[in-house]
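Worksheet: one structure, shown below.
Residue numbers (the working numbering): 1 to 260.
Right, here's the structure in full:
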């Protein structure tokens with residue numbers, strides 16, 4: 001019988017704002033710039049663009065526009081790089097700067113020729129910047145490694161499914177709890193007997209025999225460690241079930257504190 005689906009746990013990946021704020025708190029000291037940076041993060045759209053003007057951000061917290069601009073610069077350096085930019089050009093330029101690539105042709109193309117670049121007008125661009133089509137195409141390939149919409153990777157609402165390794169089930173007939181692994185009934189890992197046969201054959205070379213012995217020892221250690229892990233998990237869950245029997249029978253108000 002399949003394990004009950006209600007025992008599956010769902011957790012959501014961190015949002016763009018949560019991811020940026022975590023980095024901000026790790027890297028920045030408390031102060032007006034850090035506070036303004038939090039406000040900047042709170043006004044990003046799903047693409048990572050800052051939708052509010054510096055004046056609007058300033059009015060929200062009473063910071064000077066200079067402080068807001070400093071805060072925005074900090075946010076644009078957080079991962080994913082480019083969040084807090086006001087447009088594609090500024091976003092890509094921030095990524096070039098972070099990579100230390102501001103001296104290459106891509107900088108000129110993004111800064112001065114972004115519309116033509118987006119329309120893929122290579123012959124026209126080739127004449128404007130004075131390079132051949134091949135060089136331009138290679139630079140375009142590099143530009144494609146940049147992300148004009150860095151916030152989008154954090155906008156998915158799809159939950160992360162956590163599959164439990166072990167289940168607890170209450171038997172109706174006697175009210176006892178049974179513990180079983182999710183992979184019970186599945187084929188267990190084992191060492192292929194072919195290798196044991198090769199060791200017993202007189203035709204197997206000494207070098208091959210030594211190689212097989214070494215790998216078999218590693219395989220035995222791996223299987224032993226896997227089994228030890230299973231036994232440890234089982235004993236831990238068994239202890240929890242014994243300790244929390246009233247919680248399992250009567251509800252959350254009967255849960256008992258536990259310490260490792």
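Just so you know, even glycine gets a beta-carbon here, dropped at the ideal spot from N, CA and C.
Note that this is a predicted model, so its numbers are computed, not measured.
Report buried or exposed for residue 82, applying the criterion of at least 16 other Cβ atoms within 10 angstroms of its Cβ. So residue 82 ends up on the buried side.
Beta-carbon proximity of residue 114 to residue 89, cut-off 7 Å: One thing to note: residue 114 has its Cβ within 7 Å of the Cβ of residue 89.
Could you give the first and the last residue of the continuous alpha helix (DSSP H) run that contains residue 134? Segment 133-143, the alpha helix (DSSP H) holding residue 134.
Beta-carbon within less than 8 Å of residue 111's beta-carbon, same chain only, minus the 5 sequence neighbours each way: which residues are those? If we look at residue 111 and ignore the five residues flanking it on each side, its Cβ neighbours are 89 and 93.
Could you tell me how far apart the beta carbons of residue 149 and residue 16 are, in whole angstroms, since I believe they sit closer than 8 Å? With a Cβ gap of about 11 Å, residue 149 and residue 16 do not count as contacting.
Assuming residue 78 contacts residue 24 under a Cβ cut-off of 8 Å, what Cβ separation, rounded to an integer in Å, is found between them? At roughly 7 Å, the Cβ-Cβ gap stays under 8 Å, so residue 78 and residue 24 are in contact.
Thinking just about the alpha-carbon of each residue, which of 69, 207 and 96 is nearest to the one in residue 80? Measuring C-alpha to C-alpha distances from residue 80 to each of 69, 207 and 96 identifies 96 as the nearest.
Whole angstroms are fine: how far does the CA of residue 215 sit from the CA of residue 222? So the alpha carbons of these two residues sit roughly 10 Å apart.
From the DSSP output, read off the bridge partner residues of residue 214. Answer is none; residue 214 lacks a bridge partner.
Going along the chain, which residues of its own chain have a beta-carbon closer than 7 Å to the beta-carbon of residue 219, five neighbours each way excluded? Residues 191 of the same chain have their beta carbon placed closer than 7 Å to that of residue 219, with the five preceding and five following residues left out of the count.
For the alpha helix (DSSP H) that residue 68 lies in, which residues bound it at each end? Unbroken alpha helix (DSSP H) run through residue 68: 65-77.
Going straight from the alpha carbon of residue 136 to that of residue 126, what length do you get? So the alpha carbons of these two residues sit roughly 7 Å apart.
Burial state of residue 72, where buried means 16 or more other Cβ atoms lie within 10 Å: Result: buried.
Return helix, strand or coil for residue 30, following the three-state DSSP convention. Looking at residue 30 - three-state DSSP - the assignment turns out to be coil, as it is neither helix nor strand.
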